[in-house]
Structures are given as C-alpha cells and as structure tokens.
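Everything on this sheet refers to the single structure shown next.
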Ligand code: 13P
Ligand code: SF4
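In the working numbering, the protein residues as written are 306 to 608.
Below is the structure:
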C-alpha cells in the first residue's frame with residue numbers, strides 16, 4: 306500500500322529534525338499530525354523551549370512570528386504565508402507611537418494577536434490565558450491595551466483602580482456573535498453551560514458560566530460535571546473537546562465562528578513547506594530584538 310501524505314510528513318519531519326505545532330483552531334487533520342497542540346501561550350513556550358532546528362507553525366502569522374522572535378536561530382516555517390489575523394492588522398506601530406506620545410505615563414500591554422512591529426513598541430505581551438496574571442503584577446495606573454477592545458475591556462473590569470486606554474480592534478469571527486444568538490441556544494439547551502472566549506462582546510461574556518482562553522475552555526469542559534456546553538469560540542476547538550470528552554455534547558452558535566485564516570493550513574501545503582523548506586519567517590533583527598523584550602516579559606510575568 307502506498308504511503309499517505311500523513312506518513313510522508315511524519316518521515317520528513319524526522320529527516321529535517323522538525324516539530325509541528327498546531328493551534329486548537331486548526332483543521333482536525335492538522336491537529337492529529339501535530340507534536341504539540343495548544344493555545345497561543347502554550348505554543349509560544351514550546352517554540353521557545355524546543356530543541357529541534359525546524360518548527361512548522363500551523364496557525365496564523367503572528368503566532369509564527371512570535372516563535373521566530375523567541376527562537377531566532379531556528380527555522381520557523383508556516384504552511385501558508387497568507388494565514389493572517391485581521392485583528393492583528395487593525396493597529397500599526399505608528400498608531401502605537403502616537404498613543405504613547407499622548408499617554409507618556411502609560412504601560413503598554415499588547416495582545417499576542419499583533420504584528421511584531423507593534424510588539425516592538427510595547428512593554429509586555431499578553432495572551433487571553435495569561436493577561437490577568439500579568440496585569441496583577443503591573444503597578445502602573447494607566448494602561449494602553451491593544452488591539453482587542455473586548456479582551457481589554459474584560460481585563461479592565463478586574464482592575465477598577467487602573468485607567469485603561471483601549472484600541473478599537475476586534476476579532477471579526479468572535480465579535481459578530483450577539484447575546485440573542487446565545488440566548489436562543491440556551492432556551493433549546495437549558496442545562497448547558499456557556500463557555501466564552503474573551504474576544505467576544507461584553508453582552509455575550511455576561512452570559513458565560515466560564516470566560517477564558519481556548520485551553521481554559523477545554524480544561525473547564527473536561528473537568529465540569531455538566532455534560533452539555535454552548536461553546537462560544539472558533540469551531541476548530543471541537544476536535545480537542547471531543548477527544549477529551551467523547552461523551553459530552555458541544556453546541557456552537559448557528560452564525561458560525563469560523564476563522565478562514567486558521568483553515569488555510571492543509572496537509573498538502575504542510576508537506577510542501579517541509580519538503581522545500583518554504584515560507585520561512587524572516588524578521589528585521591532590530592525590530593525583533595525590541596519585540597523580544599515584551600515577549601520575554603510575558604513569560605517572566607506569566608509563568
Ligand atoms: P487563545 O490564546 O485562546 O488560543 O486564542 C488565540 C486566538 O486567536 C483567539 O482568536
Ligand atoms: Fe485572529 Fe480571530 Fe482568527 Fe483568532 S479567530 S486568529 S483573533 S481572526
């Protein structure tokens with residue numbers, strides 16, 4: 306019997322001393338072949354600690370860029386260079402430079418869903434799973450938080466003594482969900498628990514039994530005594546939810562939360578990338594070094 310594409314990728318991976326990292330929103334066949342699957346924080350830690358020379362990052366550009374910032378001597382490849390994040394593109398370094406002039410005392414916190422140019426001008430990077438822990442260690446009263454206004458607003462609610470200056474960015478997939486989408490589902494599934502990613506609007510977060518990162522949602526659902534959940538995040542997460550809790554039921558909003566960029570990875574482009582060592586992330590060294598400080602601060606304050 307001929308070798309499948311999956312077999313070929315696994316063989317190639319050994320030959321090239323490579324590992325495959327995949328975010329929970331990736332297509333199922335990609336999550337199945339990955340060495341590590343996780344949320345943004347976990348994957349950034351793996352990228353930093355791994356010994357292999359080559360990392361194929363199955364996710365979107367800002368994730369692969371973060372891996373390169375942390376591991377400049379490794380080859381970081383992304384199966385499809387067009388896999389971007391519309392939220393990350395909603396703010397630029399020039400905008401941030403202007404904001405810093407306007408609020409010179411502010412501490413700048415940027416969500417990992419941002420370009421490396423923006424990371425270069427901030428004090429600390431956060432992910433949805435690490436933001437609360439990190440902000441707890443920041444004493445400044447004034448915080449510039451960007452680009453996600455929803456995550457920023459969610460975090461700001463825990464710190465009433467701080468002034469948050471929020472940028473007006475958002476995730477097109479999460480932000481479009483309204484409370485009525487969820488209330489409708491809750492009527493049909495009265496006993497279901499509602500688990501919400503903080504990139505959702507406040508009116509949706511307010512309905513959540515739990516609010517947290519992709520990994521937080523998976524862990525909550527795994528441990529909960531409940532066996533039915535309304536999941537308000539990207540549907541790729543279902544792969545891991547089903548794997549960990551095959552007997553539980555997971556319901557998603559009808560107006561689908563589907564990230565097209567996360568689905569740009571295929572077994573074909575993953576194979577081609579590894580075979581030809583294509584789509585390598587290359588960063589400007591000066592900017593990378595500046596961005597490194599903010600990512601190192603994330604790991605220092607978030608661990
Ligand atoms: P997590 O950090 O929760 O994995 O989220 C990443 C992301 O892009 C959410 O849209
Ligand atoms: Fe970006 Fe939204 Fe896709 Fe996450 S789900 S990668 S925030 S566009």
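Even for Gly, the Cβ is constructed at its ideal location relative to N, Cα and C.
Whole angstroms are fine: how far does the CA of residue j sit from the CA of residue i?
i, j, result
"residue 492", "residue 555", "15 Å"
"residue 519", "residue 381", "23 Å"
"residue 374", "residue 471", "25 Å"
"residue 449", "residue 412", "6 Å"
"residue 593", "residue 377", "9 Å"
"residue 608", "residue 490", "37 Å"
"residue 479", "residue 453", "11 Å"
"residue 319", "residue 456", "39 Å"
"residue 356", "residue 597", "19 Å"
"residue 538", "residue 560", "11 Å"
"residue 530", "residue 447", "40 Å"
"residue 347", "residue 460", "20 Å"
"residue 568", "residue 365", "9 Å"
"residue 533", "residue 484", "19 Å"
"residue 496", "residue 420", "41 Å"
"residue 468", "residue 603", "21 Å"
"residue 361", "residue 397", "26 Å"
For the ligand SF4, any of its heavy atoms closer than 7 Å to the Cβ of residue i?
i, result
"residue 395", "no"
"residue 424", "no"
"residue 504", "yes"
"residue 385", "no"
Check whether the Cβ of residue i sits closer than 7 Å to any heavy atom of the ligand 13P, and report yes or no.
i, result
"residue 408", "no"
"residue 415", "no"
"residue 329", "yes"
"residue 346", "yes"
"residue 476", "yes"
"residue 349", "no"
On a CA-only basis, which of the options is nearest residue i? Give me that one, please.
i, options, result
"residue 451", "487, 395, 442 and 539", "395"
"residue 311", "482, 597 and 576", "576"
"residue 334", "500, 445 and 571", "571"
"residue 599", "482, 428 and 517", "428"
"residue 290", "404, 406 and 432", "In the structure displayed, the chain extends from 306 to 608; residue 290 sits before or after that span and is not available."
"residue 588", "309, 354, 369 and 350", "369"
"residue 505", "496, 392 and 404", "392"
"residue 583", "590, 574 and 591", "574"
"residue 590", "542, 486, 422 and 463", "422"
"residue 528", "498, 332, 565 and 371", "498"
"residue 535", "502, 566 and 565", "502"
Who are residue i's beta bridge partners in DSSP?
i, result
"residue 515", "500"
"residue 585", "382"
"residue 343", "328"
"residue 323", "359"
"residue 450", "414 and 471"
"residue 495", "Paired residue(s): none; residue 495 is not in a bridge."
Inset, instruction - Specify whether the stretch 434-446 and the stretch 384-398 touch according to this definition: at least 3 beta carbon pairs, one from each stretch, less than 8 Å apart. - result: no
Legend entry - Three or more C-beta pairs below 8 Å linking the stretch 500-516 and the stretch 331-340: no
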